[in-house]
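Residue numbers (this note's numbering): 37 to 308. Positions of the beta carbon are idealized from the N, C-alpha and C atoms, including for glycine. Note sheet for the following structure.
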Amino acid sequence: MKPSAFEARRRAVAHAHADFVRGLVVWRLWLGLATQDIRIRYKRTFLGPLWITASMTATFVTMGMLFSAVYKTDVRVFLPYLASGMVVWSFISAVAIDGPQIFVDAQHLIHSLRIPLVVHVMRSVMRNGMIFLHNLVSALITFVVLGGSVTVDSLLLLAYLPVLVAIGFSGGLILAIVGSRFRDLGPVIGMVTQMMFFMTPIMWRPEDIPDGSKWWVTANPAYHLVEIVRAPLLGTAPAMISVVVAVTSAVVLCLVAHGLFCLFRQRISYWL
């Protein structure tokens with residue numbers, strides 16, 4: 037007897053939930069794969085993964101000195117602002133750019149091994165998370181050198197980092213699903229990410245633009261994602277609107293990712 041549409045949908049949801057649970061249980065697998073990706077990238081180099089820290093430090097120190105002169109701002113104030121923003125943005129942009137290619141790049145594993153699809157998403161998020169932690173060390177060293185101090189508000193970083201990770205995972209899963217069906221998504225995301233970098237207050241501050249143009253800063257969700265991490269790094273609490281937008285974005289993305297994964301999980305291998 038052919039199962040009803042409701043029964044088929046119920047099974048699809050159950051299989052999607054089981055995939056997610058198994059993906060979390062085999063955390064050693066995606067953690068090992070992410071670590072292997074980092075090791076392969078810097079294999080036989082003198083500094084190894086420390087090149088991540090050195091590269092990011094050189095980037096925001098150079099840019100900080102340049103743009104602090106352009107904006108006529110004290111480099112001891114502008115450089116920590118730039119460094120903290122670039123560290124967060126590097127994670128957001130890396131997850132976004134990697135997203136459409138997650139399942140495409142892992143298609144040989146998907147076709148040959150029965151492992152949860154969630155593993156491939158967690159591999160990407162964890163790999164970029166490791167790079168984020170290396171970059172975070174660069175920012176912290178810069179803060180210490182420039183005389184920065186830790187405040188009570190700095191502890192909020194521990195509360196808001198999971199929000200950023202949830203957004204990275206759910207957003208990565210959405211992009212991975214859509215990207216496996218529509219291969220043009222990758223170049224589109226790359227283009228949009230580049231545009232958003234200049235539209236988001238990273239190399240510039242909201243107070244540097246006219247009051248009449250500040251509305252699109254508030255309307256930019258990427259600004260709020262950066263701000264919930266940047267503000268604690270600078271020793272202040274993020275604005276409540278940034279917290280609300282970030283948490284709401286995380287919830288919405290998780291719901292959308294859940295719905296798409298339940299609907300299309302069984303089709304992903306055929307799309308590849």
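Note that the stretch 60–74 touches the stretch 144–162; at least 3 beta-carbon pairs, one per stretch, sit closer than 8 Å. Counting along the chain, the unbroken alpha helix (DSSP H) around Gly-204 starts and ends at 192–217. The beta carbon of Asn-256 sits closer than 7 Å to the beta carbons of Met-235, Thr-236 from its chain, once the five residues preceding and following it are set aside; these are given in chain order.
Contact check for Ile-210 and Leu-296: beta-carbon distance about 6 Å, within the 8 Å limit, so the pair qualifies. Look at Tyr-107 here: in three-state DSSP terms it is coil, with no helix or strand label. Under the three-state reduction of DSSP, Val-186 is assigned to coil, being neither helix nor strand.
One thing to note: Val-155 has its Cβ within 7 Å of the Cβ of Leu-65.
A buried status is given to Tyr-259, since no fewer than 16 other beta-carbon atoms sit within 10 Å of its beta-carbon. Taking the CA atoms as reference points, Trp-252 sits about 11 Å from Ile-245. Gly-222 and Arg-150 have their C-alpha atoms some 26 Å from each other. Annotation for Gln-137: no alpha helix (DSSP H) segment contains it, and DSSP assigns it neither H nor E.
Distance from the CA of Val-186 to the CA of Gln-302, rounded to the nearest whole angstrom, comes to 48 Å.
From the listed residues Leu-182, Val-214, Leu-102, the smallest Cα separation to Pro-136 is found for Val-214. Ranked by how close their Cα comes to the Cα of Pro-274, the residues Gly-208, Ala-195, His-170, Val-287 have Ala-195 in first place. A distance below 8 Å between beta-carbons, with the five flanking residues on each side excluded, links Ile-167 to the following residues of its chain, in chain order: Ile-74, Ile-88, Ser-126, Phe-127, Ala-130. With contacts defined by Cβ atoms closer than 7 Å, Val-157 and Ile-138 form a contacting pair. A direct Cα-Cα distance of roughly 18 Å separates Val-113 from Val-124. Asp-247 carries a helical assignment under DSSP once its states are collapsed to helix, strand and coil. Between the alpha carbons of Met-239 and Leu-118 lies a gap of roughly 6 Å. Sequence-distant Cβ neighbours of Asp-189 in its own chain, meaning closer than 8 Å and more than five residues away, are Ala-267, Pro-268, Gly-271, Thr-272, Ala-273. Each residue's CA atom was taken as its position, placing Ile-146 and Gly-248 some 50 Å apart. Rounded to the nearest whole angstrom, the C-alpha separation of His-144 and Pro-152 is 14 Å.
No residue range can be given for Ala-275, since it is assigned to no alpha helix (DSSP H) and is classified by DSSP as neither H nor E. In this structure, DSSP gives Trp-87 a helical state, which the three-state scheme calls helix.
For Leu-172, the secondary structure class from DSSP, reduced to helix, strand or coil, is helix. Ser-216 and Trp-307 do touch by the CB rule: their CB atoms are close to 5 Å apart, below 8 Å. The alpha carbon of Ala-175 has as its nearest neighbour, out of Val-201, Pro-198, Gly-59, Gly-121, the alpha carbon of Gly-121.
Contact annotation: Ile-133 and Thr-229 have beta-carbon atoms nearer than 7 Å. For Ser-278 and Ser-148, the gap between their C-alpha atoms comes out near 43 Å.
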